[in-house]
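Numbering of the sequence shown is given in this note's numbering, commencing with residue 1 and proceeding in unit increments.
We put the beta carbon where it would ideally sit given N, CA and C, even for glycine.
In this text the structure is predicted, and so the values were computed from the model without any measurement.
Data first, discussion second: the structure below is written as structure tokens.
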Amino acid sequence: MAITRLTKPDSKFRLDDVSTDPPRDETKQEAVERVDKLGKELLELQELMWGARTHSVLIVLQGRDAAGKDGAIKNVVGALNPRGVNVSSFGVPTREEREHDFLWRIHRLAPRAGEFAIFNRSHYEDVLVVRVHDLAPKSLWSERFDHINDFEELLAEHGTIILKFFLHISKEEQEERLLAREENPSTAWKLNVNDWKEREYWDEYTEAYEDVFRRCAARHAPWIIVPADAKWYRNLVVAETVAETMREYRDEWLKTLERNGRQGRDELDEYRKAKGARRSKE
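This is the structure:
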């Protein structure tokens, strides 16, 4: 599975160079079967991480309207134990949020040790929407790239595994999905005239996203560009990437659990010995 994974700044990256279609050698049936198996593995890895409490996972989902962020979240969360998962959406900042720095509302929802946090949109909105709609001067939003990089580095230093996904769809696919919402009663609640208005800024958003990918990609906080015209392939890429990344920590978590188990047994033995000594004196 050849995926565009950005792990360092790249001034030459262009979004239009990345296809929105799945590879020809991938089939829907095989992908669905693999996603099912990956779901079972993700649950196991989640339990290990929960028990070890040495790491957490932050999944950032960005994409244009109708790119499939909700669907991707449902696919990942559906495989996990909800006990250790928190999903947050970030829209227009509230009055309270505007009275703080732009990262305040984000940082307070970062995952605790052992937990997953999934962001439907994120701190990147403050260098995307703000830029495209000229809601703040360039001198302000351009400084935020460095703040974002420092913030993500801080999270990583404290054990947060960061994965940032951009769900990459074509303009034609987006139009089909927006029109489909109007005809489906179960998705009609998502109808929003702003989705159509935002299409008028397609090129501006492309430029803004490219700047994000060029300036905010790192090994500890990579961007994964997901071909998302086919929902089944989108689900496969997200699930495979999360599982593949967490696998690297499996042995470490097992060792931590074994060490904690030995410590717990030693403490229990000491307690029982002390209790037995008290009884013999009685």
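Have a look at the options and flag the residue whose alpha-carbon is nearest the alpha-carbon of residue i.
i: residue 23; options: 257, 268, 239, 233; result: 233
i: residue 60; options: 225, 262, 230; result: 225
i: residue 31; options: 237, 265, 271, 267; result: 237
i: residue 248; options: 14, 46, 151; result: 46
i: residue 251; options: 49, 114, 5; result: 49
i: residue 65; options: 215, 159, 166, 11; result: 166
i: residue 228; options: 245, 173, 214; result: 173
i: residue 92; options: 124, 72, 111; result: 124
i: residue 207; options: 162, 128, 52, 266; result: 128
i: residue 89; options: 99, 95, 73; result: 73
i: residue 70; options: 209, 15, 87, 271; result: 87
i: residue 55; options: 149, 121, 110; result: 110
i: residue 230; options: 83, 12, 28; result: 28
i: residue 261; options: 20, 52, 34; result: 52
i: residue 122; options: 151, 159, 3; result: 151
Where does the unbroken alpha helix (DSSP H) through residue i begin, and where does it stop?
i: residue 170; result: Run containing residue 170: none; DSSP gives neither H nor E here.
i: residue 284; result: There is simply no residue 284 to check, as the chain begins at 1 and stops at 282 in what is shown.
i: residue 236; result: 231-247
i: residue 106; result: 104-107
i: residue 194; result: 193-199
i: residue 206; result: 202-215
i: residue 155; result: 144-157
i: residue 131; result: 129-132
i: residue 126; result: Counting along the chain, residue 126 falls outside any alpha helix (DSSP H), and DSSP gives it neither H nor E.
If you follow the beta strand (DSSP E) that residue i is in, where does it begin and where does it stop?
i: residue 114; result: That residue, residue 114, is in no beta strand (DSSP E); it is neither H nor E in DSSP.
i: residue 48; result: Unbroken run through residue 48 is the alpha helix (DSSP H), 28-52; no beta strand (DSSP E).
i: residue 59; result: 56-63
i: residue 15; result: Residue 15 -> no beta strand (DSSP E), and no H or E assigned at all.
i: residue 226; result: 223-227
i: residue 121; result: Careful: residue 121 lies outside any beta strand (DSSP E) and carries neither H nor E.
i: residue 92; result: Note, residue 92: premise wrong, no beta strand (DSSP E); not H, not E.
i: residue 187; result: Where residue 187 is concerned, there is no enclosing beta strand (DSSP E), given that its DSSP letter is neither H nor E.
i: residue 5; result: 4-6
Would you tell me roughly how many angstroms separate the C-alpha atoms of residue i and residue j, rounded to the nearest one?
i: residue 136; j: residue 142; result: 10 Å
i: residue 189; j: residue 258; result: 49 Å
i: residue 170; j: residue 178; result: 12 Å
i: residue 85; j: residue 117; result: 6 Å
i: residue 67; j: residue 119; result: 14 Å
i: residue 10; j: residue 213; result: 8 Å
i: residue 42; j: residue 76; result: 9 Å
i: residue 218; j: residue 7; result: 4 Å
i: residue 62; j: residue 198; result: 15 Å
i: residue 256; j: residue 264; result: 12 Å
i: residue 101; j: residue 163; result: 23 Å
i: residue 57; j: residue 276; result: 44 Å
i: residue 161; j: residue 144; result: 21 Å
i: residue 223; j: residue 204; result: 20 Å
i: residue 14; j: residue 210; result: 6 Å
i: residue 25; j: residue 266; result: 54 Å
i: residue 182; j: residue 201; result: 22 Å
i: residue 112; j: residue 98; result: 24 Å
i: residue 34; j: residue 216; result: 31 Å
How would you label residue i, buried or exposed, when you count the other beta carbons within 10 angstroms and need 16 or more for buried?
i: residue 104; result: exposed
i: residue 107; result: exposed
i: residue 78; result: exposed
i: residue 133; result: exposed
i: residue 180; result: exposed
i: residue 5; result: exposed
i: residue 186; result: exposed
i: residue 196; result: exposed
i: residue 155; result: buried
i: residue 81; result: exposed
i: residue 126; result: buried
i: residue 274; result: exposed
i: residue 38; result: buried
i: residue 220; result: exposed
i: residue 242; result: buried
Residue i CB to nearest chain C CB: under 7 Å?
i: residue 265; result: Here chain C cannot be found, since the structure has a single protein chain.
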